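Before any comments, here is the structure.
The structure is reproduced here in structure tokens:
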């Protein structure tokens with residue numbers, strides 16, 4: 156009986172460690188986490204009035220592009236688990252008019 160309890164406890168500990176390892180990998184070391192962190196770090200170099208070509212040189216090609224009557228918006232990946240979106244908005248001349256997250260929000264993020 157004692158032997159089965161030890162085995163069950165060891166299995167539980169093993170699954171718990173595997174789960175924690177997976178969460179840690181996904182949030183810190185996975186390709187999406189590394190790319191997302193790099194995007195947020197590079198976002199600090201984007202300024203209002205920059206053109207879309209310069210933004211692409213800084214951040215690379217966007218993961219998604221949207222167009223509406225306000226302009227064109229580029230979306231970039233962020234690290235998994237962050238409740239923020241990385242979006243750059245451009246006017247009809249291709250100049251940056253919107254940056255999300257802004258500089259204050261970037262400093263507050265713990266990535």
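Residue numbers (the working numbering): 156 to 266.
Every residue, glycine too, gets a C-beta built ideally from N, C-alpha and C.
These numbers were taken from a predicted model, which means no experiment stands behind them.
Residue i versus residue j: straight-line alpha-carbon distance, rounded
i: residue 202; j: residue 248; result: 15 Å
i: residue 172; j: residue 162; result: 15 Å
i: residue 185; j: residue 255; result: 23 Å
i: residue 192; j: residue 211; result: 16 Å
i: residue 187; j: residue 236; result: 11 Å
i: residue 265; j: residue 238; result: 11 Å
i: residue 230; j: residue 200; result: 16 Å
i: residue 180; j: residue 174; result: 10 Å
i: residue 253; j: residue 190; result: 21 Å
i: residue 208; j: residue 182; result: 30 Å
Best match in the options for proximity to residue i [C-alpha to C-alpha]
i: residue 257; options: 265, 246 and 241; result: 241
i: residue 234; options: 204, 178, 252 and 246; result: 178
i: residue 226; options: 244, 209 and 200; result: 244
i: residue 204; options: 250, 174 and 180; result: 250
i: residue 206; options: 228, 170 and 194; result: 228
Collapsed DSSP secondary structure at residue i in the structure displayed
i: residue 265; result: coil
i: residue 100; result: Examination of residue 100 is not possible in this model, given that the chain is present from 156 through 266 alone.
i: residue 271; result: One cannot answer for residue 271 here, as it falls past the ends of the chain, which runs 156 to 266.
i: residue 251; result: strand
i: residue 184; result: helix
i: residue 244; result: strand
i: residue 236; result: coil
Contact test: residue i Cβ vs the ligand PLP heavy atom, cutoff 8 Å
i: residue 236; result: Looking for the ligand PLP in the displayed structure turns up nothing, as the structure carries no ligands at all.
Counting pairs of beta carbons, one from the segment 157 to 166 and one from the segment 209 to 226, are three or more of them closer than 8 Å?
no
Is the segment 257 to 265 touching the segment 220 to 229 in the sense that three or more CB pairs, one from each, lie closer than 8 Å?
no
Would you mind listing the alpha helix (DSSP H) stretches within the segment 187 to 219 that are 4+ residues and don't spill past its ends, in chain order?
207 to 214
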